[in-house]
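Residue numbers (the working numbering): 318 to 936. Below you'll find the structure, written out as structure tokens, and then a few comments.
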Amino acid sequence: MTKIPPADHGVPTADDNGGVDGRLPQGGDEADGVHEAQYDVVTTPVLVIGAGAAGARVAIELAESGLEPLVIGKRDYGDAHTTWAAGGINAALGSLDPEDDWAIHAADTLNEGHHLNDPEAVELTAKHMPDRIRELDEWGMSFARTDDGKINQRYFGAQSYRRTCFVGDRTGEAMLETLIDRAQALEIPYRENVMITRLLSDGTRVDGAVGFDMETGEGLLFRTNHVVLAAGGFSAAYQRHSSRDDENNGDAQALALEAGARLLDTEFVQFHPTGMVGERYGEEWDGRLVTEAVRGEGGRLYNAEGERFMERYSPDQMELDARDVVARAIAQEIREGRGTENDGVYLDISHRDPEYIRERLPTMVERFAELGVDITDEPMEVGPTAHYTMGGVDIDFQTGETGVDGLYAVGEAVAGVHGANRLGGNSLAETVAIGTLVGEHVSEQVAADDHDPATTDGQRALAEREFAALSELAASDGDVTPETVLEELGDLLWTHAGILRNEEGLRDGLDQLEDLRARTADLRIDGDRTSRSFEYAVDLSVSLTVAEVLLRTALERTESRGAHYRTDYPETGPEWRQNLVVSADEHGLSIRRRGVAEPSEAVREALEEGYELDYHHLE
């Protein structure tokens, strides 16, 4: 990733010196006997970076194959972004609609993704999800049930049938709890509060990673032949977003790009239609998600003039049209002066029975009650918020391979399943469906390894160069705080690469990005390596990297498709049914186009049938 200040990222020759685990001195002048802080060396057959659902499911598969992977996360165990996925997880179980099947699920996903999805990735997810749901059920996940005991399913936007399994409005939290319980039963090692800042790579293979303990500030060198990136997306780079400020900053994408992997379709950022807005909620809750389950259970959108405005934009699917359609409709209402004073609209479910609302949306009821709003009796104030990044690391979905030997990726870290716009309920599905496949493949690769991880001279030199860069960053004593630059970067992306984009704005954004980079030469870190100031400085380095990739690919794609809307190119161009592939070298970023494969015959038939949600079933 781009370091602040920049370090020499040359790759030394790797010669095995048979290093062992323990504490090693960092850098320094041997003649004077002077060493900087020591660092720990940790050896593991597989390092899983990211402790949400995707990382947990990979680790479970590895452990069930007889391996002992090490899972690391930036937060306390169980405190991952998966918990924020509230509304549900998709699988064509047919509990309420027996005519649903995996091919229709795949067709809905391709339609929502405007046919930029990797068809193999989509079909693997749709085919495997019924088994993954049954597996989670066996492991104790407390899915809502129908009267006859089947796993219940609800409507979600742009889905042809009731396909979304749920646990009230805390599905992600319940799922992560289930996965962690399973991981603990398997005694999978876990290390919390660790941030990885660099993968040790010569551009063709990875043999370790470098980071630091966020509680002690101590350096950490992980030596391994297999690294799985499961560290999420980069939506938190935006001013208004549904993530916490200290996650989804782009770690996985920046680490992969620097290690020699490719990124794909980074211009596609999903703006969820309903994030919390309004002074009554306070700054802490600005942009936080109001789950799609509110609309799935019949919630209605009104502008400040009391009009149910989705009748203008989508009279058939109404509030349950695709997320990009609803988000742009809200943005249009606000731009034309029919929004609230806080640049929002109203979401109202108070026409439903209060007990039904409390049963189906308990978290929403509780959250808003704490803020003085009774959603069973009054509307919520909402507006679009940066929620999910469809773009990410380019992988093979059967294996998770990135093209860099020993490096794999999974979950929101990658691109392919969702195309130009994600179908609600598919993010949790991808984590367990593809996570299982990646875990299976990595376990086979570890079994086929003919050598154990070892500390080499080259590995150690590269690691110590990174530790020196981190020490230099921690000692920064300029006039600019990283928090300030991160806030300005968020404003830049919201203004120039938000819901509505054009060439002039994107070019202005790139110019302003260079100004922000220049300002990082004058950073001030308030505290040591255990401080939030230092953490934000590291976050800033990765966010600047992914922001540039995002702006450049958005500028390159001269059409509107899914979540990427260009006001200067409002039409979808058939010639643009191509993915944008990004790579980096010493000369900077390069972008090329790649054609999209065709789906299988079964999915083509489902597409031709033209299945579609009839919203008015809810009326």
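Where is the CB? At the ideal position from N, CA and C, for every residue including glycine.
{"Asked": "Straight-line CA distance for Arg836 to Gly795?", "Found": "10 Å"}
{"Asked": "Can you tell me whether Asp641 is helix, strand or coil according to DSSP?", "Found": "helix"}
{"Asked": "Measure the Cβ-Cβ separation of Leu861 and Leu806 and say whether it is below 8 Å.", "Found": "yes"}
{"Asked": "Within the same chain, show all residues whose beta-carbon is closer than 6 Å to that of Glu381, passing over the 5 residues directly before and after it, in chain order.", "Found": "none"}
{"Asked": "Taking 8 Å as the cut-off, decide whether the C-beta atoms of Gly717 and Ala730 are in contact.", "Found": "no"}
{"Asked": "Per DSSP, Val731 forms a beta bridge with which residues?", "Found": "Val710"}
{"Asked": "Should Thr442 go down as buried or exposed, given a rule of 16 or more other Cβ atoms within 10 Å for buried?", "Found": "buried"}
{"Asked": "With DSSP as the reference, label Tyr630 as helix, strand or coil.", "Found": "helix"}
{"Asked": "In its own chain, which residues sit with a C-beta less than 8 Å from the C-beta of Thr463, not counting the 5 before and 5 after it?", "Found": "Ser412, Leu413 and Asn469"}
{"Asked": "If the criterion is Cβ atoms closer than 8 Å, does the pair His445 and Thr753 meet it?", "Found": "yes"}
{"Asked": "Looking at Ile450: is its Cβ nearer than 8 Å to the Cβ of Ala408?", "Found": "yes"}
{"Asked": "Could you tell me whether any Cβ in chain B is nearer than 8 Å to the Cβ of Tyr663?", "Found": "Reference to chain B is not applicable here, since this structure consists of a single protein chain."}
{"Asked": "Could you have a look at Pro306 and say whether DSSP puts it in helix, strand or coil?", "Found": "Any answer about residue 306 is impossible in this case: the structure gives the chain only from 318 up to 936."}
{"Asked": "So what's Asp498 in DSSP terms, helix, strand or just coil?", "Found": "helix"}
{"Asked": "So what does DSSP say about Leu924, is it helix, strand or coil?", "Found": "helix"}
{"Asked": "Taking a contact to mean a Cβ-Cβ separation below 8 Å, would you say His704 touches Leu606 in this structure?", "Found": "yes"}
{"Asked": "In this structure, how does DSSP classify Phe529 when only helix, strand and coil are distinguished?", "Found": "strand"}
{"Asked": "Figure out for me which residue from His432, Glu601 and Thr361 has the closest Cα to the Cα of Arg739.", "Found": "His432"}
{"Asked": "Below 8 Å CB to CB, which residues in the same chain sit around Ala348 once its five sequence neighbours on both sides are set aside?", "Found": "Its pLDDT being 32, under 50, Ala348 is placed unreliably by the model, and nothing is read from it."}
{"Asked": "Can you tell me whether Lys467 is buried or exposed, with buried defined as 16 or more other CB within 10 angstroms of its CB?", "Found": "exposed"}
{"Asked": "Measure the beta-carbon distance from Arg579 to Val898 and round it to whole angstroms, keeping in mind my assumption that it falls under 8 Å.", "Found": "5 Å"}
{"Asked": "With distance defined between alpha-carbon atoms, name the residue in Ala644, Pro671, Gln476 and Leu574 nearest to Tyr882.", "Found": "Ala644"}
{"Asked": "Just to confirm my understanding: we take Arg655, look at its own chain, exclude 5 residues before and 5 after, and list those with CB closer than 6 Å. What are they?", "Found": "Asn620, Ala621 and Glu622"}
{"Asked": "Do you know whose CA, among Gln355, Tyr356 and Val363, lies nearest Ser760's CA?", "Found": "Val363"}
{"Asked": "Look at the alpha carbon of His768 and the alpha carbon of Thr541, and state the distance between them as a whole number of angstroms.", "Found": "11 Å"}
{"Asked": "Under the assumption that Val544 contacts Ile751 (Cβ atoms under 8 Å), give the Cβ distance between them as a whole number of angstroms.", "Found": "At roughly 17 Å, the Cβ-Cβ gap does not stay under 8 Å, so Val544 and Ile751 are not in contact."}
{"Asked": "Applying the 10 Å Cβ sphere with the 16-neighbour rule, what's the burial state of His813?", "Found": "buried"}
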